[in-house]
Every structure is written in structure tokens, then in C-alpha cells.
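Step one of this worksheet: look at the structure below.
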Amino acid sequence: MHNGTGNGDPEPEAWTRIRRQARIQRITKRHPFLSVGLPFLVAVVGGSFVLLLTQETKYEIRDKRIQNLSMDEALPPRRKFDIQEEYFRMKSKGDWNGSWEPRRVPRAPEDEPVFDRYDK
Numbered sequence: 001m002h003n004g005t006g007n008g009d010p011e012p013e014a015w016t017r018i019r020r021q022a023r024i025q026r027i028t029k030r031h032p033f034l035s036v037g038l039p040f041l042v043a044v045v046g047g048s049f050v051l052l053l054t055q056e057t058k059y060e061i062r063d064k065r066i067q068n069l070s071m072d073e074a075l076p077p078r079r080k081f082d083i084q085e086e087y088f089r090m091k092s093k094g095d096w097n098g099s100w101e102p103r104r105v106p107r108a109p110e111d112e113p114v115f116d117r118y119d120k
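Take the sequence shown: its letter number 69 is residue 69 in UniProt numbering, and every next letter is one higher.
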């Protein structure tokens with residue numbers, strides 16, 4: 001850009017911009033943390049705050065939804081348990097035909113090591 005005088009010198013604004021860029025380049029060459037480390041740290045810390053806010057919003061929305069439900073809507077309806085009713089219900093379904101009796105499960109012989117067979 002020319003200032004109109006015809007001598008080919010850039011305008012004073014351009015010189016200040018060039019000087020500022022040169023100064024920034026000199027500083028970042030001497031201190032690479034400013035050009036690499038600082039932006040990285042800003043991204044990590046800023047990202048953690050953004051994630052914190054989004055998670056907080058997510059849990060607030062969930063809590064509002066849960067608070068709006070009444071106890072009757074939140075829990076499924078339960079029927080009252082009666083042992084005699086269960087007995088008749090099982091007998092009518094055929095799950096229990098009346099000839100059931102408790103039996104012992106066959107066990108390993110006493111001299112056989114129980115826990116050593118899994119160590120091999």
C-alpha cells in the first residue's frame with residue numbers, strides 16, 4: 001500500500017502492524033510455551049468448564065423430570081402378597097403338583113480336594 005507520495009513506503013499503520021507481528025514472533029521464538037503450551041492449557045481448562053456446565057444442565061433436567069412425577073406414576077402398581085394365594089396360583093399353573101419334596105444335591109467325595117481343581 002502506498003501513501004500517495006510515490007516514494008513506495010508503506011503507510012505508518014502498516015509499519016506498526018509489521019513491527020507488532022515481528023515482536024510477537026520474537027517473543028514466541030524465545031518462549032515456545034506461549035505459542036504451544038498456553039493455547040493447549042486454555043483449551044483443556046475451557047473444555048472442562050464447558051463439560052461441567054453441560055453435565056450440570058443434564059442432571060438438572062433429569063431432576064426436574066423426576067420431581068414432576070408423583071409416587072404413583074414412578075412406581076409400578078404392586079399387588080399385595082398373600083402366601084395362600086401364591087400356593088393356589090402355583091398349584092393351578094402346574095408348577096407344583098403336590099408331589100414335590102426337598103432332596104439333597106449330590107456332593108463331591110470328602111477326600112477329593114474341592115478348590116485345588118481350579119488352580120491347575
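All C-beta atoms in this analysis are idealised placements derived from N, C-alpha and C, irrespective of residue type, glycine included.
query: Through-space distance from glutamate 110 to aspartate 63, alpha-carbon basis; result: 57 Å
query: Which of helix, strand or coil DSSP assigns to proline 12; result: helix
query: Helix, strand or coil at glutamate 56 according to DSSP, with G and I counted as helix; result: helix
query: Through-space distance from isoleucine 24 to arginine 30, alpha-carbon basis; result: 10 Å
query: Residue interval of the alpha helix (DSSP H) (run including phenylalanine 81); result: Where phenylalanine 81 is concerned, there is no enclosing alpha helix (DSSP H), given that its DSSP letter is neither H nor E.
query: Glutamate 85 versus asparagine 68 - alpha carbon distance; result: 36 Å
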